[in-house]
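Residue numbers (the working numbering), protein chains in the order written: chain A, 12 to 173; chain B, 12 to 173. In this text, a Cβ means the ideal position worked out from N, Cα and C, and glycines have one as well. Everything numeric in this text was worked out from a predicted model, so none of it was measured. Beneath this line is the structure, given in structure tokens, with notes to follow.
2 protein chains.
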Amino acid sequence: MDKKHQDLFIRTVLANWNLAIGRITSVFDRQSDADLLQPIAPGKNRVVYLLGHLTAVHDRMLPLLGFGERRFPHLDELFITNPDNPQAAIPAVAQLRGQWAAINQLLTEKLSALTPEEWLAKHESVSAADFEKEPHRNRLNVVLSRTGHVSYHHGQLALLKL
Amino acid sequence: MDKKHQDLFIRTVLANWNLAIGRITSVFDRQSDADLLQPIAPGKNRVVYLLGHLTAVHDRMLPLLGFGERRFPHLDELFITNPDNPQAAIPAVAQLRGQWAAINQLLTEKLSALTPEEWLAKHESVSAADFEKEPHRNRLNVVLSRTGHVSYHHGQLALLKL
Numbered sequence: 012m013d014k015k016h017q018d019l020f021i022r023t024v025l026a027n028w029n030l031a032i033g034r035i036t037s038v039f040d041r042q043s044d045a046d047l048l049q050p051i052a053p054g055k056n057r058v059v060y061l062l063g064h065l066t067a068v069h070d071r072m073l074p075l076l077g078f079g080e081r082r083f084p085h086l087d088e089l090f091i092t093n094p095d096n097p098q099a100a101i102p103a104v105a106q107l108r109g110q111w112a113a114i115n116q117l118l119t120e121k122l123s124a125l126t127p128e129e130w131l132a133k134h135e136s137v138s139a140a141d142f143e144k145e146p147h148r149n150r151l152n153v154v155l156s157r158t159g160h161v162s163y164h165h166g167q168l169a170l171l172k173l
Numbered sequence: 012m013d014k015k016h017q018d019l020f021i022r023t024v025l026a027n028w029n030l031a032i033g034r035i036t037s038v039f040d041r042q043s044d045a046d047l048l049q050p051i052a053p054g055k056n057r058v059v060y061l062l063g064h065l066t067a068v069h070d071r072m073l074p075l076l077g078f079g080e081r082r083f084p085h086l087d088e089l090f091i092t093n094p095d096n097p098q099a100a101i102p103a104v105a106q107l108r109g110q111w112a113a114i115n116q117l118l119t120e121k122l123s124a125l126t127p128e129e130w131l132a133k134h135e136s137v138s139a140a141d142f143e144k145e146p147h148r149n150r151l152n153v154v155l156s157r158t159g160h161v162s163y164h165h166g167q168l169a170l171l172k173l
């Protein structure tokens with residue numbers, strides 16, 4: 012596989028990442044701030060919980076991929092550690108929308124700058140010894156897995172209109 | 012990127028595909044045939060519709076990826092062309108479970124045999140002229156996209172237990 016093909020491999024993976032993010036973002040964008048406070052189905056998570064949850068999970072990708080410090084670590088308690096609680100105070104929806112856009116822009120910039128070898132280098136949650144035995148625990152795997160995570164929650168949001 | 016790295020790239024993509032299928036299959040497996048006739052949320056698709064839908068979509072991957080003729084084209088009418096209709100006669104759930112397993116086993120075998128160049132070759136729904144302009148419309152893209160499609164519906168199934 013020559014350089015052109017390597018680039019194409021990575022470009023295809025990145026296009027898929029961007030597509031998944033673009034699709035779910037347009038669902039969020041079509042909804043008013045008040046809509047986001049509705050549950051995706053009776054008794055289930057509110058849309059805003061998914062927005063905060065995805066933002067926190069993507070923010071965690073920064074240290075995991077070796078891209079530096081987290082920007083929004085305070086989101087974890089509300090949107091990862093705990094289940095959705097409509098009684099809890101949450102940040103303004105507009106602020107969450109902005110953080111979701113910001114973290115994805117930053118990740119996409121950083122990912123676009125990786126070389127093929129860097130895509131296949133180990134991520135930060137695996138030890139060098141384990142990586143030796145499990146070489147698929149690389150950056151590519153993290154991005155594929157998080158792309159799937161976006162689609163997983165997009166499927167839930169789609170129930171709003173079915 | 013040497014041969015070892017190329018293989019790792021592809022192995023990571025295939026591991027992700029297999030993981031997504033394994034996860035949703037274990038949701039289907041945990042449910043009785045009667046459970047599968049329940050909707051994923053009030054007024055939404057039944058679980059069996061998602062099982063048939065995913066089987067039909069994966070069956071369509073055979074000709075799309077140049078892997079030969081479809082096995083279960085009769086599924087399209089019930090599970091792709093039309094929305095879920097609890098009044099319509101559908102195949103036995105046990106038969107659908109078997110077809111889901113069979114199509115995924117076949118696809119994974121065929122995918123495992125592709126060379127890196129074959130992963131990046133055009134799929135069958137794009138013309139040679141369009142592929143020239145849009146080289147990301149390759150087999151890899153189809154597999155990434157269908158992996159996301161599995162996760163999308165897995166997210167919906169997860170609502171059953173939340």
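From residue i to residue j, what does the alpha carbon distance come to, in whole angstroms?
i              : j              : result
L131 (chain B) : V153 (chain B) : 10 Å
H147 (chain A) : K133 (chain A) : 8 Å
K14 (chain A)  : L155 (chain A) : 21 Å
I114 (chain B) : L122 (chain A) : 34 Å
L168 (chain B) : I51 (chain B)  : 6 Å
I21 (chain B)  : T119 (chain B) : 12 Å
Q106 (chain A) : F90 (chain B)  : 40 Å
Y60 (chain A)  : A67 (chain A)  : 10 Å
L170 (chain B) : A100 (chain A) : 24 Å
L173 (chain B) : F39 (chain A)  : Only weak support exists for where L173 (chain B) lies, its pLDDT of 44 falling under 50; the value from the coordinates is given anyway. C-alpha separation (whole angstroms): 21 Å.
D70 (chain B)  : Q116 (chain B) : 11 Å
T92 (chain B)  : A140 (chain A) : 50 Å
R157 (chain A) : E143 (chain A) : 23 Å
L48 (chain A)  : H165 (chain A) : 16 Å
R82 (chain A)  : P102 (chain A) : 15 Å
S138 (chain B) : G54 (chain A)  : 47 Å
L65 (chain B)  : N56 (chain B)  : 13 Å
G77 (chain B)  : P127 (chain B) : 15 Å
D18 (chain B)  : L125 (chain A) : 18 Å
E129 (chain B) : H16 (chain A)  : 11 Å
Considering Cα atoms alone, identify which of the options is closest to residue i.
i              : options                          : result
L25 (chain B)  : B:P102, B:L171, B:Q49 and B:L151 : B:L151
T36 (chain B)  : B:Q17, B:R108 and B:V68          : B:R108
L73 (chain A)  : A:H165, A:S136 and A:Q106        : A:S136
L63 (chain A)  : A:A139, A:W111 and A:S138        : Just to set this straight, residue 63 (chain A) is Gly in the shown sequence, not Leu. Among A:A139, A:W111 and A:S138, the Cα nearest to that of G63 (chain A) is on A:W111.
T23 (chain B)  : A:E145, A:D40 and A:H165         : A:E145
N149 (chain B) : B:L75, B:N56, B:N93 and B:H165   : B:L75
L96 (chain B)  : B:R157, B:V58 and B:L125         : According to the sequence as given, residue 96 (chain B) is Asn; it is not Leu. For N96 (chain B), the nearest C-alpha among the options comes from B:V58.
So the alpha helix (DSSP H) residue i belongs to, where does it begin and stop?
i              : result
S123 (chain B) : V104 to S123
V137 (chain A) : Per DSSP, V137 (chain A) belongs to no alpha helix (DSSP H) and is neither H nor E.
D18 (chain B)  : K14 to R41
N128 (chain A) : Reading the sequence as shown, one finds Glu at residue 128 (chain A) and not Asn. Per DSSP, E128 (chain A) belongs to the alpha helix (DSSP H) from P127 to W130.
L155 (chain A) : R150 to A169
Based on DSSP bridge pairs, tell me the residues matched to residue i.
i             : result
P50 (chain B) : B:R57
_Taking contact to mean 3 or more Cβ pairs, one atom from each stretch, closer than 8 Å, check whether the segment 79-88 of chain A and the segment 42-55 of chain A are in contact._
With the cut-off at 8 Å, the segment 79-88 of chain A and the segment 42-55 of chain A do not touch.
_Count Cβ pairs between the segment 155-172 of chain A and the segment 27-38 of chain A that sit closer than 8 Å; are there 3 or more?_
The segment 155-172 of chain A is in contact with the segment 27-38 of chain A.
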